[in-house]
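Read through the structure below, which is laid out as structure tokens, and then see the notes.
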Amino acid sequence: MFGLADCNNFYASCERLFKPQLNGMPIVVLSNNDGCVIARSNEAKELGVKMGAVFYQIKDLIAQHQIAVFSSHYTLYGDMSARVMTNLARFTPEVEVYSIDECFLGLQGYSNLETYGHLVRNTVIRNTGIPISLGIAPTKVLAKVANKTAKKNNGVMVLDSEEKIKDILCNYPVEDLWGIGRQYAHKLIAMGIETAEQLRNLPIDWVQTHMTIVGVRMWRELWGQSCIPLELTLDRKKAMCTSRAFGKLTGDYTELREATTSYISRLAVKLRREKCCATAITVRLQTNRFNTNHRQTFPSITLALPHPVNNTHDLLRAGLEGLRKIYVRGYL
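This is how it looks when you write it as structure tokens:
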């Protein structure tokens, strides 16, 4: 069995932890240049604040409801994340830190998982002040499903029978499945496949043909067959990323070029610091997918480098060439 512990509204919860007067009040946290919303308390969600909302476009809403606004504070978030993970590691030696606010747990052989799950959750909340949800299931994909359901089920959900799994999957949107990207989601929904249960009832041959081996692995995991093991050791980085949201909507090529130059320069510093080299570089542009009033586009390009490099000049030359190839005028 696998557990997935997920900190609820993590960045907002961290800010509230040291300002108890904000308990029950709406909170939003902004991206690292105060461009858009990257975290919301439940109260802010109820007021209609959308994830990814551009800050300057919701200033009236913020003023109207006296929403507390914070710039992102990654030193604080990193420290609180370490405290949460340390507490989780007390309950099992098999721990995979998946992200700053998510952690997979190996729970094979444990009994009374519902009771144990509440013990884990209550201990983390008591020792750190950070609320978490815990989903427990036979596979990682199902643990993700259980975790999302746990947020509406007293914080813990255990999927330990086919009956429970089917009941949840029948109402679980296919686009919310771990590993289903936007392209696959649109394709499946267009074909009338709207729930996770409908997806897993497809013939495996169809899945392999239309969704490759990644889709087959997900399909098997939905049937309770574990295909994605815990990663208990940290491998040398296979990829590095530097990105940032703009403080305003822009489609100006000069601004995008300046930003790309800045990000690639930082990326080169990261590579040299970790004594790594790149063999390819990917440049990606993305409109605000939460803003349905504008046309959407998500162009990207990957360019192979002639040899492994970590110097700024070669990376910039390739990256700016990539930007030139994917840039299309008219999008924000």
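1 is the number of the first residue of the sequence shown in our numbering; add one for each residue after it.
All C-beta atoms, glycine included, are put in the ideal place defined by N, C-alpha and C.
Predicted model only: the values in this text are computed from it and were never measured.
- Each residue's CA atom was taken as its position, placing Asp160 and Lys148 some 16 Å apart.
- Looking at the backbone, the Cα of Arg90 and that of Asn153 are separated by about 24 Å.
- About 6 Å separates the beta carbon of Leu88 from that of Ala5, a gap short enough to meet the 8 Å contact definition.
- Just so you know, the alpha carbons of Leu169 and His307 end up roughly 46 Å apart.
- Looking at the DSSP output, Ser300 sits in a beta bridge with Arg284.
- Straight across, the Cα-Cα distance linking Val158 with Tyr116 is about 10 Å.
- Contact between Val54 and Gly35 holds, with the beta-carbon distance rounding to 7 Å and staying under 8 Å.
- Non-local C-beta neighbours of His65 in its own chain, meaning closer than 7 Å and more than five positions away in sequence, comprise Pro26, Leu47, ordered along the chain.
- If the five residues before and after Lys151 are omitted, its C-beta is found closer than 6 Å to the C-beta atoms of Ser133, all from its own chain and listed in chain order.
- Taking a contact to require three or more Cβ pairs closer than 8 Å, the stretch 14–33 and the stretch 58–78 qualify as touching.
- Assigned with DSSP and collapsed to three states, Leu323 falls in helix.
- Burial check for Asp205: the Cβ neighbour count within 10 Å stays below 16, so the residue is exposed.
- Residue nearest to Phe18 within the set Tyr56, His73, Thr254 is His73 (criterion: CA-CA distance).
- Collapsing the DSSP output to three states places Ile189 in a helix.
- Counting only the Cα atoms, Lys275 lies some 28 Å from Pro229.
- Separation of the CB atoms of Glu15 and Glu231 is rounded to 30 Å, and the pair is thereby denied contact status at 8 Å.
- Here the alpha carbon of Ile189 sits roughly 34 Å from the alpha carbon of Leu107.
- A residue is called buried when at least 16 other Cβ atoms come within 10 angstroms of its Cβ; Tyr77 meets this threshold and is buried.
- Judged by DSSP in its simplified three-state form, Ile27 adopts strand.
- Under the three-state reduction of DSSP output, Thr212 falls in the helix class.
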